[in-house]
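Counting along the sequence shown from 1, when you hit position 18 you're at 18 in the working numbering, and nothing is skipped either side. Positions of the beta carbon are idealized from the N, C-alpha and C atoms, including for glycine. Reviewing the structure listed below.
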Amino acid sequence: MPHTVLLAEDDRAIRNALERALTLEGYRVTAVADGVEALAQAHRSRPDVLVLDVMMPGIDGLQVCRVLRAEGDRTPVLILTALVETADRIAGLDAGADDYVVKPFDVEEVFARLRALLRRAAPEPAEPAPAVAQAAGAPAPTGRFLEAAGLRMDPQARRAWRGDRELELTRTEFELLELLIRHAGVVLEHSTIYDRIWGYDFGPGSKNLAVYVGYLRRKLDEPGAPQLIHTVRGVGYVLREG
């Protein structure tokens, strides 16, 4: 079965061109012109992924994303934006978006990001329930955990902690942190991280990784505690204490 895409874009030329390109790529596309229609369509029939323009009349793409997340809808969301400042990109992540593409964009980049989102959203094989139930909010037995630099992660339950504080992470943030924990102390190159997280290296001009690392740092860092994610200029990132 082809994957279903709900596309919301108020610019008719962009909407029609992207709808045609996605259809030719094998997706089943529903295209709408504003956020109100996008919400109504998402409620009628949940798509596999949403592609939302930020700047739309009435309800914009970020508001659509916030509403869906507030309703518990975790459908992957790719944001289309003409806003290039880091603060604007962070606003999209804060709203619950999983990834973004800056206009003007190459349609191949949109395809690559959609493939990565759909891979990450694919259901994982069911794991047997643990023999002993854990108290709410408490970590599970150590054997199923990853630990490094004062961080603790349960990949099966998709939960992570710094000390006793549980971290609220988006899908992409969780996968980025998991990659760093699994390679703690090792400098991971930009291209390696792009390939492992997004399945595609967007090149030296892309700011996508820097934005996600910055946002993850905001969730990890604590006053008076050492920073955990370090930048190795011109190379990549490494997870370590101090």
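Comparing alpha-carbon positions, which option in the options lies nearest residue i?
| i | options | result |
| --- | --- | --- |
| valine 5 | Glu19, Leu216, Arg12 and Ala13 | Glu19 |
| glutamate 168 | Val107, Leu220, Tyr212 and Gly236 | Leu220 |
| leucine 114 | Ile181, Gly35, Val232 and Ala21 | Ala21 |
| histidine 190 | Asn208, Ala184, Arg182 and Ile181 | Asn208 |
| alanine 33 | Tyr27, Met56, Gly185 and Gly26 | Met56 |
| leucine 180 | Arg218, Leu228 and Arg165 | Leu228 |
| tyrosine 27 | Gly150, Asp48 and Tyr100 | Asp48 |
| glycine 199 | Val187, Phe111 and Asp11 | Phe111 |
| arginine 120 | Val101, His230, Pro155 and Val211 | Pro155 |
| leucine 83 | Leu239, Ser45, Val101 and Met1 | Val101 |
| glutamate 109 | His43, Ala95 and Ile79 | Ile79 |
| proline 2 | Ala17, Glu37 and Glu25 | Glu25 |
| arginine 217 | Ile197, Leu239 and Arg196 | Leu239 |
For the alpha helix (DSSP H) that residue i lies in, which residues bound it at each end?
| i | result |
| --- | --- |
| histidine 43 | 35–44 |
| tyrosine 212 | 208–220 |
| alanine 112 | 107–121 |
| threonine 192 | 190–197 |
| threonine 30 | From DSSP, threonine 30 is part of no alpha helix (DSSP H) but of the beta strand (DSSP E) over 28–32. |
| arginine 74 | Taken as a continuous stretch (DSSP letters only), arginine 74 belongs to no alpha helix (DSSP H), as it is neither H nor E. |
| leucine 179 | 171–182 |
| leucine 18 | 12–24 |
Please say whether residue j and residue i have beta carbons closer to each other than 7 Å?
| i | j | result |
| --- | --- | --- |
| threonine 75 | valine 54 | no |
| arginine 15 | alanine 31 | yes |
| alanine 8 | leucine 52 | yes |
| valine 29 | leucine 50 | no |
| tyrosine 194 | leucine 93 | no |
| proline 223 | glutamate 241 | no |
| valine 232 | valine 187 | yes |
Tell me where the beta strand (DSSP E) around residue i begins and ends.
| i | result |
| --- | --- |
| threonine 231 | 229–232 |
| glycine 236 | 236–239 |
| glutamate 147 | 146–148 |
| leucine 78 | 77–81 |
| tyrosine 100 | 99–102 |
| alanine 70 | No beta strand (DSSP E) contains alanine 70, which is instead part of the alpha helix (DSSP H) from 61–70. |
| alanine 157 | That residue, alanine 157, is in no beta strand (DSSP E); it is neither H nor E in DSSP. |
Rounded to the nearest angstrom, how far is the Cβ of residue i from that of residue j, given a contact under 8 Å?
| i | j | result |
| --- | --- | --- |
| glycine 234 | threonine 192 | Incorrect: roughly 14 Å between the Cβ atoms, too far for contact. |
| alanine 91 | leucine 117 | Rounded, the Cβ-Cβ distance is 19 Å, inconsistent with contact. |
| glycine 58 | glycine 35 | 6 Å |
| aspartate 98 | threonine 23 | That pair is no contact at about 22 Å. |
| alanine 184 | alanine 149 | 6 Å |
| arginine 182 | leucine 146 | 6 Å |
Is it the case that the CB of residue i approaches a heavy atom of the ligand GDP more closely than 6 Å?
| i | result |
| --- | --- |
| methionine 55 | The model on display carries no ligand, and the ligand GDP is accordingly not part of it. |
*Three-pair Cβ contact test at 8 Å for the region 168–185 versus the region 59–69*: no
*Is the region 153–169 in contact with the region 95–106, if contact means three or more CB pairs nearer than 8 Å?*
no
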